[in-house]
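Just so we're aligned, residue 534 is where the sequence shown starts under this note's numbering, counting upward by one. Quick reminder that beta carbons are idealized off the backbone N, C-alpha and C, glycines included. The next block holds one structure in the form of structure tokens; read it before the comments.
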Amino acid sequence: MDVSADDNGSAGIPGLDGAAVLLYRWTVVHAHLTRDTLARAAAETGIDDHEAARALDSLLGACLLQELPAIPGNPGVRWQPVSPQAASSRLLSGRDAALRAQEEALRIQRRRIQQEQDGLAALTPVYLQARQHAFPQGTIDHLPDKFAVRTLLTEVIDSCRSEVLVSKHGGSFPVAALREALPRDLALLARGIRMRSLYQHATRFDQPTRTHAEQLVAAGAEIRTLPEVLPQMIVVDQSLALLPARSGGALLIREPDLLGYLLDVFERDWANATPYATGPQAAHGVSQAMKQSILVLLAKGFKDDTIARRLGISLRTCRRHVSELLESLGAHSRFEAGVIAERQGLTQHRVSASATPVEVAEVAGPGPVPVASGCPACGGSMPVRPGGPVNGRPARYCSPSCRSRAYRERTRQAAGGRHETP
């Protein structure tokens, strides 16, 4: 049987040249190879004797040929072909075992390094406490990674004496993080520690986060929500604060003036926030408050993705709210909706999340134009007309020039809005 180079479809195999592949194929077809048949194989495959001898060495080195036991009366050496899988096992098993041993050694070294890092990180509270004694006026320190943050947080929470304040940005929280935090927070509340948390309105519509919040509220925690809140912040006993660091990890703040500022910001937001409540009516009120916040941001020219990110809602939900607002205002474009909202004063009044649907409809829906406390054109105070409003209507601008300027601006904006794609 002639096996020529034209039949070689496997040339280019790493470690074997074309002559070796041809000789291997010939041996598979003829079941075995001897010194005497090597010349015949070379002739039938179209290679010369020198190439055949080199190919034989390559096949033996690759374990693709194995020597057969000698036959009595026939002392010549014979080889039989070996499947590529068996050859690979015989040839590479030793190297594979050595590589596995090296990988295991590397895993052991990495484990030791991690243990040393963990051991050094465990000294972080000692370092920070010493820093606090050395600098009683206050310090700002950087915690390098999440492990250091968790270690310190566990210690300061365990040593908390009066109150923990929490501000969390985002419309939902990872389930794993909620599962990790729940036992710690419940233990804190069981000790009589006051816990106040600020979430975004959007968390009321995320089932895992809502379940987590309801468990904390049932245990005595106080939770309120706002359309927007500060990024992640934890304040313990009004003496220590943790803020996220852009470079990773967190900032540990004990500086009194900065702590006072953060506490003032938290108390301001807390006073304006809506107590966490359950039930359809509470969810409806929060939904209306989110629409009001979207309207304010829409009038400021923010894009849908920016609005969604700031309010902690999905882009799809944000676009649905925008569509509903456009329809309720009778606007044909985002720009026109902003103009109408500004004209009706809707962007100057926040709708409370606890307002009834009728109250929300009176603010967000069409109706009489509200009277601003100041001139909407220049911001100045409004003059008091002798005898009261003219024709039963109060003045909307402080002077004719402001009224004319406002009219020209509305006309210009409306003309631009007609060219915007809805």
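Own chain residues within Cβ distance below 7 Å of Cys596, not counting five before or after: Val615, Ala620, Arg623 and Leu624
Please report the distance separating the alpha-carbon of His865 from that of Gly845. 26 Å
Is the segment 696-703 in contact with the segment 726-742, if contact means three or more CB pairs nearer than 8 Å? yes
Can you round the beta-carbon distance between Ala870 and Leu859 to whole angstroms, since I take them to be within the 8 Å contact cut? 5 Å
What would DSSP say about Ala804, mapped onto helix, strand or coil? helix
Give the straight-line distance between the Cα atoms of Leu763 and Pro716, rounded to the nearest whole angstrom. 24 Å
Expressed to the nearest angstrom, what Euclidean distance is found between the alpha-carbon atoms of Arg644 and Glu636? 12 Å
Got a sec, what are the start and stop residues for the alpha helix (DSSP H) Ala710 sits in? Val708 to Ala723
Rank Gly627, Asp629, Thr560 and Asp581 by C-alpha distance to the C-alpha of Glu600 and give the top, closest one. Thr560
Taking the beta strand (DSSP E) that Arg700 falls in, what are its first and last residues? For clarity, residue 700 is Ser in the given sequence; the question names Arg instead. Its beta strand (DSSP E) spans residues Glu696 to Ser700.
7 Å Cβ cutoff met for Ala575 and Asp582: yes
Go through its chain and collect everything with a Cβ distance to Arg852's Cβ below 6 Å, but skip five positions before and after it. Asp837
Integer Cβ distance of Thr578 from Leu555, believed to fall under 8 Å: 4 Å
To the nearest angstrom, how far is it from the Cα of Leu848 to the Cα of Arg876? 27 Å
4 or more residues per run - each alpha helix (DSSP H) lying fully within the segment 597-643: none
What's the gap between the Cα of Asp590 and the Cα of Gly609? 17 Å
Confirm, please, whether the CB-CB distance from Ile690 to Ile786 is below 7 Å. no
When you compare the CB positions of Ala752 and Leu721, do they come within less than 7 Å of one another, or not? no
Does Leu639 pass the burial test, meaning 16 or more other C-beta atoms within 10 Å, or should it be called exposed? exposed
Contact between the segment 790-797 and the segment 679-695 is defined here as three or more beta-carbon pairs at a separation below 8 Å; is this criterion met? no
Could you tell me which residues DSSP pairs with Ala783 in its beta bridges? Leu676 and Pro777
Cβ pair Leu566, Trp612 closer than 7 Å: yes
Just to confirm the assignment, what range does the beta strand (DSSP E) spanning Arg593 have? It should be pointed out that residue 593 corresponds to Leu in this sequence rather than to Arg. Leu593 -> not in any beta strand (DSSP E); alpha helix (DSSP H) instead, spanning Asp582 to Gly594.
Taking all protein chains shown into account, decide if Ser826 is buried (16 or more other Cβ within 10 angstroms of its Cβ) or exposed. buried
Here's a check: name, in chain order, each residue in its chain whose Cβ is nearer than 7 Å to the Cβ of Gly925, leaving out the five neighbours to either side. Only weak support exists for where Gly925 lies, its pLDDT of 40 falling under 50; the coordinates are left without a value.
Would you mind reading off the limits of the beta strand (DSSP E) that contains Tyr809? Neither: Tyr809 is in no beta strand (DSSP E) and is coded neither H nor E.
In its own chain, which residues sit with a C-beta less than 8 Å from the C-beta of Glu857, not counting the 5 before and 5 after it? Lys824
Count the C-beta pairs between the segment 802-811 and the segment 754-770 that are closer than 8 Å, then say yes if the count reaches three, no if not. yes
Between Ala888 and Ala822, what straight-line distance do the alpha-carbon atoms span, to the nearest angstrom? The predicted position of Ala888 is uncertain, since its pLDDT is 38 and thus under 50; a value taken from the coordinates is nonetheless stated next. Cα to Cα, Ala888 sits roughly 9 Å from Ala822.
Can you check DSSP and say which residues form a bridge with Val768? Leu698 and Ala774
Could you check what DSSP says for Glu755 in three-state terms: helix, strand or coil? strand
What's the call for Ala841, buried or exposed, on a 16-neighbour Cβ count within 10 Å? buried
What number of angstroms, rounded off, separates the C-alpha of Tyr557 from the C-alpha of Ser780? 60 Å
Give a yes or no on whether the C-beta atoms belonging to Leu676 and Gly834 are separated by under 7 Å. no
Cα separation between Leu862 and Leu831? 13 Å
Need the endpoints of the alpha helix (DSSP H) that Ser856 sits in, please. Leu848 to Leu862
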